[in-house]
Amino acid sequence: HAEERGNGNFQFYLPEMKAETLKKFELEADLLKAIQNEELYVEYQPKIDVLTQKAIGAEALVRWEHPFKGNVAPATFIPMAEENGKVIQLIDDFVIRTVCQQIQQWKKEQVPFHKISINLSAKSFLKNDLIDRIRQCLKDYSVPPSSIELELTESSLLKSSELIRKQLEKLAEMGISIALDDYGTGFSSIHYLKQYPFHTIKIDRSFIHNIVHSVEDEMIVKFIIELSKGLQKKVIAEGVETSAQYQLLKKYGCNEVQGFLFSRSIAGKEIANMFLKDKAVLKEKEVETRLL
Ligand code: C2E
Ligand code: MG
Ligand code: MG
Ligand code: MG
280 HAEERGNGNF QFYLPEMKAE TLKKFELEAD LLKAIQNEEL YVEYQPKIDV LTQKAIGAEA
340 LVRWEHPFKG NVAPATFIPM AEENGKVIQL IDDFVIRTVC QQIQQWKKEQ VPFHKISINL
400 SAKSFLKNDL IDRIRQCLKD YSVPPSSIEL ELTESSLLKS SELIRKQLEK LAEMGISIAL
460 DDYGTGFSSI HYLKQYPFHT IKIDRSFIHN IVHSVEDEMI VKFIIELSKG LQKKVIAEGV
520 ETSAQYQLLK KYGCNEVQGF LFSRSIAGKE IANMFLKDKA VLKEKEVETR LL
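In full-length UniProt numbering, the protein residues as written are 280 to 571.
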């Protein structure tokens, strides 16, 4: 209705901007309350060993159940939290503590698994006290450093920093694994693979999505797998949704897969049951076998 108001776009543009800013502030305030009111919780998505098809680890993913808005996606609230150093630190601490507590519980119950991964933003690695906070948490719950892995996205390394590299090196020396997340979405720099102490390379799901129908994507994935293995790193594919994708990744020697084909993120109690099973079940409805 810009014409009715007369003065071009200006009049309705401004209130819209205000609404946006207001919404942002509202969500930011909500986020602080959410941490205090325990609206945040952690779910786990299993990592499947390709050769044995067994769930051997998991990625911890933070969830927010807002009292009125329902589930808010981490892709919405994590970037917002990152704008405020205190908020992202509170979320990091919550996730690290929750995971350590869960690991302690599983060890008591003799639930078998290799590692649980935690996502941390680049902002978190820029804090000098990150290592002390992690070390304290491991100590509080008697968690061995070898039980956790930290995931750092490739795009967060675009502004590569000496502090991030130093912190990663210290963490690796402590025995904590470091994974390069969403590989292929940043500069896909081979240089990073040499410069930072990564144990694991996670191929971004955008390459996996078309792997069966695009020879280009297939060759890119094949190359990343070979490169990772040549550099003695573990390679894992995210976003695996079909058994055709899984078979192709198996053919090229990918070590682990993660995706809806096996499971979405689930509660700690549920994933413990998967860890106890010999083999993970494929969730995909097998069209061919149904037709037979
Ligand atoms: P990410 O670390 O790359 O996590 C994988 C995302 O892909 C998750 O989304 C997961 O639910 C989704 N996913 C897994 N399998 C499939 C699949 O087969 N198909 C499709 N389409 N998606 C799949 P989610 O949980 O919404 O998380 C989004 C991003 O938010 C994460 O990407 C991560 O960067 C960030 N994030 C999540 N939890 C945390 C956290 O505790 N701390 C920080 N700093 N960031 C987090
Ligand atoms: Mg991740
Ligand atoms: Mg990822
Ligand atoms: Mg991703």
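Even glycine gets a Cβ: it sits at the ideal position worked out from N, Cα and C.
These numbers were taken from a predicted model, which means no experiment stands behind them.
Beta-carbon separation (whole angstroms), Val519 vs Gly538, contact threshold 8 Å: Contact between Val519 and Gly538 holds: their C-beta atoms lie close to 3 Å from each other, under 8 Å.
Quick one: residues in its chain with C-beta nearer than 6 Å to the C-beta of Tyr531, no 5 flanking neighbours on either side, listed in chain order? Correct list, in chain order: Lys501 and Ile504.
Hey, is the region 327 to 337 in contact with the region 347 to 362, meaning 3+ C-beta pairs nearer than 8 Å? At 8 Å Cβ cutoff, the stretches do not touch.
Using C-beta distances below 7 Å, list every residue in its chain close to Pro424, excluding the 5 sequence neighbours before and after it, in chain order. So the qualifying residues of the chain are Leu417, Met453, Gly454 and Ile455.
How close, in whole Å, do the beta carbons of Gly463 and Ile482 come, if the pair is a contact with beta carbons under 8 Å? Yes, they are in contact, since the Cβ atoms of Gly463 and Ile482 sit about 6 Å apart, within 8 Å.
Can you give the Cα-Cα distance for Ser435 and Glu428, rounded to whole angstroms? Approximately 17 Å, taken between the alpha carbons.
Taking the C-alpha atoms as reference points, what is the distance between His345 and Glu318? Taking the straight line from one Cα to the other gives about 7 Å.
From the DSSP output, in three-state form, read off Thr377 for me. In this structure, Thr377 counts as helix in the three-state DSSP scheme.
Would you kindly check if the distance between the Cβ of Glu535 and the Cβ of Lys326 is under 9 Å? Using a Cβ distance threshold of 9 Å, Lys326 and Glu535 count as a contacting pair.
Just checking my contact of Leu506 with Thr521 at CB under 8 Å: how many whole Å lie between their CB atoms? Not a contact, Cβ separation roughly 24 Å.
Beta-carbon contacts of Ile395 that lie in its chain and below 8 Å, excluding the five residues immediately before and after: For Ile395, same chain residues with a beta-carbon under 8 Å away, outside a window of 5 residues either side, are Tyr323, Gly336, Ala337, Glu338, Ala339, Val378, Gln381, Ile382, Ser426, Ile427 and Glu428 in chain order.
Where Arg444 and Leu405 are concerned, what is the direct C-alpha to C-alpha distance, given to the nearest angstrom? Using only the alpha carbons, I get a separation of about 10 Å.
Compute the Euclidean distance between the alpha carbons of Asp461 and Leu527, then round it to the nearest angstrom. One C-alpha to the other measures close to 19 Å.
Do you know how far the Cα of Asp557 is from the Cα of Ala401? So the alpha carbons of these two residues sit roughly 36 Å apart.
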